[in-house]
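Participant:
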RNA sequence: GCCGCGGUGGUGGAAUUGGUAGACACGCAGGACUUAAAAUCCUGUUCACUGAAAAGUGAGUGCGGGUUCAACUCCCGCCCGCGGUACCA
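Residue numbers (the working numbering): 1 to 1009.
1. Answer yes if the segment 145-158 comes into contact with the segment 88-107, meaning at least three C-beta pairs across the two stretches below 8 angstroms, and no otherwise.
2. Can you tell me whether residue 788 is buried or exposed, with buried defined as 16 or more other CB within 10 angstroms of its CB?
3. Excluding sequence positions up to five away, which residues of its chain have a Cβ less than 8 angstroms from the Cβ of residue 399?
4. Could you spell out where the alpha helix (DSSP H) holding residue 611 opens and where it closes?
5. Excluding the five sequence neighbours on either side, which residues of its own chain have a C-beta within less than 7 angstroms of the C-beta of residue 944, listed in chain order?
6. If you run the structure through DSSP and keep just helix, strand and coil, what is residue 550?
7. Taking the CB atoms as reference points, tell me whether residue 347 and residue 371 lie closer together than 7 angstroms.
8. Quickly, what does DSSP pair residue 61 with across the bridge? List them, please.
9. According to DSSP, which residues form a beta bridge with residue 408?
10. If contact is defined by three or more beta carbon pairs under 8 angstroms, each pair taking one atom from either stretch, is the segment 53-73 in contact with the segment 890-902?
11. Once you ignore the five residues that flank residue 952 on each side, which residues in its own chain have a CB closer than 6 angstroms to its CB?
12. Measure the alpha-carbon distance for residue 1000 versus residue 141 and round it to whole angstroms.
13. Quick check for students: name the residue ranges of the alpha helix (DSSP H) that lie wholly in the segment 724-767, counting only runs of 4 or more.
14. Which complete alpha helix (DSSP H) runs does the segment 103-142 hold, if anything under 4 residues is left out?
15. Run through DSSP, which three-state label would residue 327 get?
16. Exposed or buried, residue 698, counting other C-beta atoms within 10 Å across all chains shown (16 or more means buried)?
17. Within the continuous beta strand (DSSP E) that includes residue 538, where are the two ends?
18. Going along the chain, which residues of its own chain have a beta-carbon closer than 6 angstroms to the beta-carbon of residue 803, five neighbours each way excluded?
19. Going straight from the alpha carbon of residue 305 to that of residue 286, what length do you get?
20. Mapping the DSSP letters down to three states, classify residue 668 as helix, strand or coil.
21. Determine the contact status of residue 295 and residue 627, defining contact as a CB-CB distance below 7 angstroms.
22. For residue 1021, count neighbouring C-beta atoms within 10 Å of its own C-beta (all shown protein chains included) and say buried if the count is 16 or more, exposed if not.
23. Which same chain residues end up closer than 7 angstroms to residue 635 when comparing Cβ atoms and leaving out the 5 residues on each side of it in sequence?
24. For a test of the three-state rule: what should DSSP assign to residue 806, helix, strand or coil?
25. Mark residue 680 as exposed unless 16 or more other C-beta atoms lie within 10 angstroms of its C-beta, in which case mark it buried.
26. Pair every Cβ in the segment 593-607 with every Cβ in the segment 266-278, then say whether three or more of these pairs are closer than 8 angstroms.
27. Could you please give the first and the last residue of the uninterrupted beta strand (DSSP E) stretch that includes residue 38?
28. For residue 847, which of helix, strand or coil comes out of DSSP?
29. Ignore the nearest five residues each way along the sequence and tell me which others in residue 431's own chain have a CB closer than 6 angstroms to its CB.
30. What would DSSP say about residue 600, mapped onto helix, strand or coil?
31. Excluding the 5 residues preceding and the 5 following residue 340 in the sequence, name in chain order all residues of the same chain whose CB lies nearer than 7 angstroms to its CB.
32. Grouping DSSP H, G and I as helix and E and B as strand, with all else coil, what is residue 266?
33. Using 10 angstroms around the beta-carbon of residue 1010, count the other beta-carbons present and answer buried if the total reaches 16, otherwise exposed.
34. Which complete alpha helix (DSSP H) runs does the segment 413-501 hold, if anything under 4 residues is left out?
35. Would you mind stating whether residue 835 and residue 904 have Cβ atoms separated by less than 7 angstroms?
36. Between the alpha carbons of residue 756 and residue 794, how many angstroms are there, rounded?
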């Protein structure tokens, strides 16, 4: 009984027990031994070592979800692990850590539903993740593990926030500086309108004396306009269902990315990060990093730089008085200025009420009401042409003509100035708007010499455009900007789509802000000023010594419903006037890679020495879905820290590798419905709860009627007497329904009937119509891997069956790392067979078969060509072809019955990054002390790679007709003579000299006849 | 619509600088071993045609053109799939 049990646990054939141990490839005992050895010898712990070159190889840390890992998650981890192990064996000091992005919505949603504290859920999920990762055999230095929800960690997230809060962006120096330099400036010279960074929209100008006379509160209100982390009243993406504000990158198609709940625009007072100051540098930095073009392009689009021109239009309020109202528009096509026939303001534009005439007031109110009623989803899905005339006109800055001012929802308040000059002749949206409302169109560009050019293409010759007439568009743009600047009616300007990042979440499970609100004239202590609507509005930073500000317990995790977080329900918290919002998910993840360099430091987020040694991440592995969110915020924060002298680099991730997604293969079975109609009777249902093999179903006649043919015979045989009816006089109609089942119930395409019957009670009595092989085949479809689709494959199951080495190699063998591909375990046997075959190079029936015999040249050649191939391919991150190369080597070494240590020991080293367990086992068997993973990787010896002869394909007119073996150093003429003498070639030349003879040494020979 | 990526046997994929298209693996077919099965090993496997076989001929990397002695690879024009993005002035 005991023996039987062990045998089951090992998942190997019982034969093992008739043989001495160690002869058959027994991965589970190997894994057990190796894990013990690695833990005992602390093989993967690293420290700074100035005598070795450093390499920082990082995986995007996961959010520990309750569902655990599926086979898609570890794809990138396996790749980075192979790379890290390889580089370690190549003599690099490799930092390869792992941690958890542990704050986040799912745990909190779960808490709302069940009352379980998110900390509990999260800790449990982390344990699951860790156990799963340990099984796969990663070489992470777990002594450096971090969790963003750990107070020892988020103390420094709060510290990061304070650094942002206490800094401003000095545009003259083009970098962030401590806020004290700004205060010093205000103390010395105040803030006058001539200062480059002064924005009259933010606050009025003041003198140095004014500044000194300001109250703390007044000063703070001004400083809020400059701090990198600031609180302001802004339009935010409000998600009612989640009860919280979302960042732009968390909104997709007007719905929340998590959960797909509707999102509306709402004005709210909340924290933002002044990332827009970094737009240009974030753009520039992309040119210096080794990331995929697609991610860089996504970031460029997100930042959305566009060069253009600000132009002022004076408003003609009435014919009698002109009180100087000015509308500023932003345009990238100043050349089209003479085609402007109306202006359009965003419905939220602040001048709109002033511009609306008494006659238009009623119509305007109706329109604004309509705009307000439209959700973001509606606005994006049905793009209606809507708008309303204000009743007022502006004056064209060049022609002085009256131009009507409209408002329309297609103009966005948040971009440019929130107002546009409409050029219906040259802009698609403006044209449709003009057509709908009967506004005039002035043609200004002659595109006749550019056939095929679209309405918005920047080509053509200017017409009807005064001083621009005859110019090419590109020249006209410059000429107009120059003229506008000369006349002082506008200026050249660069605009960005990028918005400041919303940094508040009205949720519980996140980092508390190290902020309390001023409620007394004395900083830092409570006060209430009468009649001050903004009484709670002056944030005061906690001092560093007060960190971490611990997240308090609450009883109820639901949002308050009035837009505040559950923290507002904690009385102590409120009493202290702490901020009740918490930080968003990217707060902790924007800097975690820095913490790994010095994870337990209580005095700094990381010491300067360690940062200087490890520097930024050399290779970062992760999914492409973080293209703009995490990757952009991390770059931003790194640049801020660089400016403030906290780190020595301004890009966090030098090289980025995006692994593809592993999709699930969903399985479906065919449920058969059939009716039988005996003569003169009404049809009756037969074959209840029957499932038919896919191939049998496809072999049935497609018209839905069964006849007495082969398929029919098979059906009858399978179904027994239920189908025992007379088809000569009656008919049987059938139809079929695809039913989704769990992938675990199948083996490749074949259904496991017993497992299906056990899966759900309604299948307990299922009956099957099998194919000729006695199998029930399923239908398969590739979809996203998800619980609800029943197509999730757990790595634990795969490892239990094939071992971790096989799992790792199969993940790599699936295809190129960056490509998305479905998980299909059909091929895993191939990798498993390979590992067994590999093992048999070292062990046969009689045991260890490796000898000290001198191998022959052929064996050396096999080894060294494989070393070269594998080394080159790891460097290129082409892990799939590495596996193939090792398969070829094992096939060839088996064929020549190689058993020499001089070949087989390096071979074990070669496979070590891919199959760390089996490599370690063999390495120990060779009698080495220390882990294989700290040994030196083999190096290809050129002497075995050089060929003294080469087999040339000989083609005639590009078609291969013969092969010839020629010495490596043969000359073209000699080769020609040898080739022309070939019988197969003479057939094509007919003895004539070829028109041309091409000889590419080491490659090919081609004749033209 | 725009941007990015991709399209190769029955399947996953290989071909790294323009140089034997289909490596390696799965699956399938046949065979060996076995009382039998599993495991393992061997052979074949792009398609079509000819042939008993050996072999030969033709076609072939989404489609249509082009450059070249030679194109999966480079150029031009399309088609399809995936991902991102969308009133951004």
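Virtual Cβ for every residue (Gly too), placed ideally from N, Cα, C. Note that the structure is predicted; figures quoted are calculated from it, not measured.
Facilitator: In short:
1. Judged by Cβ distances under 8 angstroms, the segment 88-107 makes contact with the segment 145-158, as three or more pairs qualify.
2. So residue 788 ends up on the exposed side.
3. 338 and 466
4. 608-614
5. 860, 861 and 864
6. coil
7. yes
8. BP columns for residue 61 are empty, so no partner.
9. In the DSSP output, where bridge partners are listed per residue, residue 408 has none listed.
10. no
11. 964, 966 and 1005
12. 50 angstroms
13. Complete alpha helix (DSSP H) runs here, min 4: 753-759.
14. 105-114 and 118-136
15. strand
16. exposed
17. Per DSSP, residue 538 belongs to no beta strand (DSSP E) and is neither H nor E.
18. Answer for residue 803: 27, listed in chain order.
19. 13 angstroms
20. strand
21. yes
22. Since the first residue of the chain shown is 1 and the last is 1009, residue 1021 is not available in this structure.
23. 282, 285, 651 and 652
24. helix
25. exposed
26. no
27. Per DSSP, residue 38 belongs to no beta strand (DSSP E); it is in the alpha helix (DSSP H), 27-41.
28. strand
29. 424
30. coil
31. Result list for residue 340: 396, 403, 421, 422 and 423, in chain order.
32. strand
33. An answer regarding residue 1010 cannot be provided, because it is not within the stretch 1 to 1009 covered by the chain.
34. 428-437 and 473-487
35. no
36. 18 angstroms
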